[in-house]
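Please read the structure below before turning to the comments.
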Amino acid sequence: MKLVAVTSCPTGIAHSQMAAENLLQAGERLGHDIDVEVQGAMGTQDELSADAIAEADAVIITSDTSVSRDRFDGKLVLKGTVKDGVNNAEAVVEKAVELAEAGKTGSVTFGSGDDGEDADAESGTDESSGDDAESDEPVRRGGDPEKGLFARLKKLFS
1 MKLVAVTSCP TGIAHSQMAA ENLLQAGERL GHDIDVEVQG AMGTQDELSA
51 DAIAEADAVI ITSDTSVSRD RFDGKLVLKG TVKDGVNNAE AVVEKAVELA
101 EAGKTGSVTF GSGDDGEDAD AESGTDESSG DDAESDEPVR RGGDPEKGLF
151 ARLKKLFS
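Take the sequence shown: its position 3, counted from the start at 1, is 3 in UniProt numbering, and no numbers get skipped.
Written out as structure tokens, the structure is:
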């Protein structure tokens, strides 16, 4: 599956970079093609091309700032916080794939922000009954366990 993502935080120095790295690694680990754009105080890095967006089955936005969604019209857009991208990237990618395979379009909020769909989301089959907000699956915290914060920062600044 083809995914694109945008990460953004107010300073855009560490957290958006870590979220981008975790989303890339999670996507690759799960066998999906993913491109990630990082927005921050230093501008935009790895800007998504129009072709990449057109080919994408879903768009993931992990952001604590405003991200323009105009270029994603007609796409499934999942919106969460940078914390979701840093701490639970694999679940974010899995949710995007699940909804894209179900044929959802519009905007869906997930993770730390909200568990419901935005008003723009197309109504389809309602999979949630409100009771499944708590899952039996453990929540993975801390991002990629193979790389610590210092390793990521060293890579970022080298």
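A virtual CB, placed ideally from N, CA and C, is assigned to each residue, including glycine.
Here the structure is a predicted model, which means the values were calculated and not measured.
Of all C-beta pairs linking the segment 88-101 to the segment 50-59, three or more are shorter than 8 angstroms, placing the two stretches in contact. Closest by C-alpha distance to SER66, out of GLY74, ASP51, VAL82, is VAL82. Nearest to VAL97 by C-alpha distance, out of GLY80, LEU156, GLY31, is GLY31. Excluding residues up to 5 positions away in sequence, ILE34, VAL36 lie with their Cβ nearer than 8 angstroms to the Cβ of LEU24 in the same chain.
Short of 6 angstroms from the beta carbon of CYS9, and not among the five residues preceding or following it, lie these beta carbons of its own chain, in chain order: HIS15, SER16, ASP64, VAL82. Counting every other CB atom within 10 Å of its CB across the protein chains shown gives THR7 a total of 16 or more, marking it as buried.
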